[in-house]
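Residue numbers (our numbering), protein chains in the order written: chain A, 75 to 546; chain B, 4 to 247.
One structure is given here, and the rest of the page talks about it.
Structure (C-alpha cells):
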C-alpha cells in the first residue's frame with residue numbers, strides 16, 4: 075500500500091495560498107458505496123494507487139441502512155435476479171435466493187471489501203468539499219495533464235485538506251437527494267407528507283389511511299405493504315404501467331427476458347412477445363381498474379412487482395389517477411374524486427447531485443443534467459469518470475463493474491500508448507450523445523439515463539476492445 | 004474480454020451441496036488462502052492425504068473441495084465444465100481473502116476457466132490435462148510412480164472414480180479458456196515421467212502463461228499422493244512466497 079498522504083508528507087504545490095499534497099499517479103474515488111468499491115477494486119487490479127473518500131463511517135452507501143442518506147426500507151429486495159445483480163467476478167453465494175434482501179446485499183458488499191482488501195484505501199468520515207482540475211484553464215489533452223485537486227474535510231467543521239490526484243471517479247450515488255414534485259396546495263395540506271426516503275418500516279403505515287404517489291419500484295413496494303398494514307391504500311400513478319411479475323414460467327422474469335433478448339430479435343417483436351407474456355401471466359390490467367399502459371414495454375423503467383396487481387384484485391389497493399391539487403385535509407384527483415388520506419408518501423424518486431463539482435465539468439445543461447459519453451466519461455476532462463449513473467433494465471452493479479474496467483484500461487492506455495489514447499479521446503469528446511436504449515423512453519426526470527443493459531454492454535464491449543493494451 | 008454473457012445471465016448453474024475441507028495455520032500471518040481442486044474422479048480426500056495439512060503448517064490457510072458429483076459433494080445430474088467452474092468460483096469467492104487456485108489434472112482446465120471468472124491471487128496447474136487424447140487414458144496404478152508401495156497405490160486407485168461422460172467429452176472438445184482476469188501469475192507443475200500428461204504437454208501449458216514448468220522427475224501423475232509428495236508442494240509454496 076502506498077503511504078497515506080497525511081503521514082507527515084510535505085506539500086510541494088500551492089494553490090490559492092493553500093498547500094496541495096501531491097499523490098502522484100494515485101486515483102481518487104468519491105464514495106464507498108457499491109460503485110465506489112468496484113472502482114477501487116478494479117483500479118487496484120490495474121495497478122493504480124487509490125484513495126477513496128467516504129462521508130459515512132462504513133461501506134455500502136445507499137445499501138447500508140445505517141447511513142442517514144440510505145433510502146432502504148425494511149422490506150427492500152433486489153429487483154433484478156442474482157445473475158444480473160452480482161459483480162461478474164465475485165458471484166453471490168448459491169445459497170442465497172433469486173432476489174436477495176437489502177441486508178444480504180450489504181453483507182455482499184462488505185465481503186467484497188474484505189475479500190479484495192479495499193478498506194485500507196478508504197478514508198472514512200471524510201466528505202469531499204470540492205474537486206477541481208489542477209490546471210483549470212489548460213485545454214484538456216489526453217496525456218500530460220488531467221490532474222485533480224480534491225479538497226476534503228473530516229466532520230462538519232474539520233480542517234480542509236487538498237490533495238492532487240491523477241484521476242477522479244465520482245461514485246456519490248444518485249438515490250439520496252429526494253425529488254419533491256410541485257403540487258398545488260401541498261404546503262397547506264395538514265396531514266403528514268413524507269418522501270419515500272423517510273419510509274423505513276411497515277409499522278409507519280399500520281392502521282392509517284395512506285396515499286402512495288408514484289409507480290416506481292419503491293412506490294409499488296410501499297403500496298403493497300400499505301395493502302397489508304394500512305387501513306386504506308390509494309395508489310396514484312400518472313399513467314398506466316406494465317407490472318411485470320418477478321417470476322415467469324417459474325424462473326426469474328429477467329432471465330426469461332434475456333433468453334429472448336439473446337436472439338437479437340427486432341425491438342418491435344420483443345415488445346410484442348413481452349406483451350403476450352404479460353397478457354398470459356398478469357392479464358388485462360383494466361379489469362382491475364388500473365389504467366391501460368399508454369406506452370409499450372421498455373419505454374419506461376421496468377416495474378417488477380408480482381404482488382401489486384394481486385392486492386388490487388383483493389381490494390387492498392385502490393388505484394387512482396394523478397393528483398390535481400391538495401386541499402387542507404383532502405386530495406383532489408384529476409378525475410375529480412376527492413380522497414382523505416392521513417399519510418401521503420411521495421415515492422417520486424431522486425435526483426442526481428454533484429455539489430462538489432462545477433456543473434460545466436460534466437457538461438451539465440441548465441437542469442443540471444450531465445452530458446457524458448457512455449454515461450460515464452466527461453467530454454472535457456479525460457481523467458474524470460462518473461460511476462453508476464445509470465437506470466438500467468437490469469441490475470446496475472454488473473454494468474458498473476465493466477464501466478470501471480473500461481476506465482482503468484483507459485488510464486492505462488493513456489500511459490502506455492499516448493498516440494492511441496489521443497485518437498480515442500478525439501472520438502470521445504466529439505461523439506454525439508447517444509441513449510443506449512432502442513426504445514422510445516417516456517419523458518421523466520430520469521429518462522435520460524434509462525438504458526437497456528444489452529445496448530449499453532455492447533457499447534462498453536466495443537470501447538473495451540478499442541482500449542486493449544498488452545499486459546503491463 | 005467478453006462481457007456479453009448470455010448463458011451465465013439466463014441459465015444459471017443449479018446449486019448443489021459442496022464438500023470443502025479446511026486446515027488453518029496456527030498463526031494467521033496474512034498469507035493468501037490456497038484452494039485445492041482435485042481432478043476428475045478425485046475428491047477432496049486426495050489433498051487431505053498430505054498437501055492440505057502441509058500447506059497449513061507453512062502458514063497458508065488451506066482448503067480442498069470436491070467438484071459436484073465427486074467426493075462428498077452433492078450428486079449432479081448433468082455436470083459440465085461450466086458447472087465445475089461455477090463450483091470453484093463459488094468456493095473461491097466464499098473465502099475471506101483473494102485465493103490461490105490450485106487445479107490438478109483435468110481440474111487444471113477447470114481452474115484455468117475459473118481464473119477468467121475470478122481475479123485469483125495466483126493460479127497453479129498441477130499435471131494439467133487441458134485436452135487431447137491423453138485425457139481419456141484411464142487411471143489406476145499408472146497414476147503413481149513405482150516408489151509408491153503397491154498396496155498403497157491400489158488403495159488410492161480404488162478410491163478414484165470417473166467423472167461423467169459429458170464432462171470427459173467436453174475435455175476433448177472445449178473452447179480454450181478466456182484469458183485470466185486481474186493478470187495473476189500462473190505456475191505449471193508436473194513430472195516428465197507422468198503417464199497421462201506428456202512433457203511437451205506441460206511445456207505447452209506453461210508457455211500459454213508465459214513461463215516454463217516446474218518438473219519433478221520420477222513422480223507419477225498424482226503428485227499430491229505420490230511417495231515424494233513433499234517436494235512439489237514445497238516448491239509451489241516457495242513460489243507463492245516469492246510471488247507475494
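All C-beta atoms, glycine included, are put in the ideal place defined by N, C-alpha and C.
Predicted, not measured: the structure shown is a model, and the values here were computed from it.
Residues of chain A whose Cβ lies closer than 9 Å to the Cβ of residue 103 of chain B do not exist, since the nearest Cβ in that chain is about 13 Å away. The beta carbon of residue 190 of chain A sits closer than 8 Å to some beta carbon of chain B. Under the 8 Å Cβ criterion, the segment 154-164 of chain A counts as touching the segment 317-334 of chain A, having at least three qualifying pairs.
Cβ atoms of residue 109 of chain A and residue 462 of chain A come within 8 Å of each other, at about 3 Å.
By the Cβ criterion, the segment 102-120 of chain A is in contact with the segment 235-245 of chain A, since at least three pairs of Cβ atoms, one from each stretch, lie closer than 8 Å. Within chain B, the C-beta atoms nearer than 8 Å to that of residue 336 of chain A come from 9, 13, in chain order.
Using a Cβ-Cβ cut-off of 8 Å, residue 489 of chain A does not count as an interface residue toward chain B, since no Cβ of chain B sits closer than that to its own. Annotation: Cβ neighbours of residue 4 of chain B in chain A (cutoff 7 Å, chain order): 538.
In this chain, the alpha helix (DSSP H) harbouring residue 484 of chain A covers 471-490. In terms of beta-carbon proximity, residue 178 of chain A stays away from the interface with chain B, with every pair separated by 8 Å or more. Here the C-alpha atom of residue 363 of chain A lies approximately 16 Å from the C-alpha atom of residue 353 of chain A.
Legend: CB atoms of the segment 95-109 of chain A lying less than 8 Å from CB atoms of chain B are not found in any residue.
Considering only B:149, B:131, B:166, B:144, the residue with the shortest C-alpha distance to residue 160 of chain B is B:144. With fewer than 16 other Cβ atoms from the protein chains shown falling within 10 Å of its own Cβ, residue 241 of chain B counts as exposed. Residues are counted here when their Cβ sits less than 9 Å from a Cβ of chain B; for the segment 458-472 of chain A these are 468, 472, given in chain order. For secondary structure counted as the beta strand (DSSP E) over 3 or more consecutive residues, the segment 106-163 of chain B holds these complete runs in sequence order: 125-129. Taken in chain order, the complete alpha helix (DSSP H) segments of 4 residues or longer contained in the segment 290-358 of chain A are 291-303, 327-335, 341-355. Put simply, the CB of residue 92 of chain B is near chain A, with a gap under 8 Å to one of its CB atoms. The shortest CA-to-CA distance from residue 123 of chain B to any of B:172, B:28, B:36, B:245 is the one to B:36.
Judged by pairs of C-beta atoms under 8 Å, the segment 138-152 of chain A does not touch the segment 505-518 of chain A, as fewer than three such pairs exist. DSSP, reduced to helix, strand and coil, places residue 391 of chain A outside both helices and strands of the structure shown, so it counts as coil. At a cut-off of 8 Å between beta carbons, residue 434 of chain A makes no contact with chain B. Of B:98, B:197, B:82, B:101, the smallest CA-CA separation from residue 227 of chain B is found for B:197. Taken atom to atom, the span from the alpha-carbon of residue 228 of chain A to that of residue 411 of chain A is near 52 Å. Residues of the segment 156-177 of chain A with a C-beta less than 8 Å from any C-beta of chain B: 156, 157, 158, 162, 163, 164, 165, 167, 168, 169, listed in chain order. Collapsing the DSSP output to three states places residue 449 of chain A in coil.
With distances taken between CA atoms, residue 252 of chain A lies nearest to A:288 out of A:492, A:460, A:487, A:288. Within the DSSP secondary-structure output, residue 266 of chain A pairs in a beta bridge with A:417. Annotation for residue 207 of chain A: no alpha helix (DSSP H) segment contains it, though the beta strand (DSSP E) segment containing it runs 200-207. If you check the CB distance, residue 19 of chain B and residue 109 of chain B do not come in under 8 Å.
Boundaries of the beta strand (DSSP E) harbouring residue 96 of chain A: 92-96, taken from the DSSP string.
Interface annotation for the segment 503-530 of chain A against chain B: empty, criterion Cβ-Cβ distance under 7 Å. Under the Cβ criterion of 8 Å, residue 194 of chain B is not counted among the residues facing chain A. For the pair of segments examined, the segment 392-399 of chain A was found to touch the segment 308-317 of chain A: the number of CB pairs separated by less than 8 Å reaches three. Sequence-distant Cβ neighbours of residue 476 of chain A in its own chain, meaning closer than 6 Å and more than five residues away, are 534.
Within the same chain, and ignoring the five residues on either side of residue 345 of chain A in sequence, the residues whose Cβ sits closer than 7 Å to its Cβ are 370, 371, 372.
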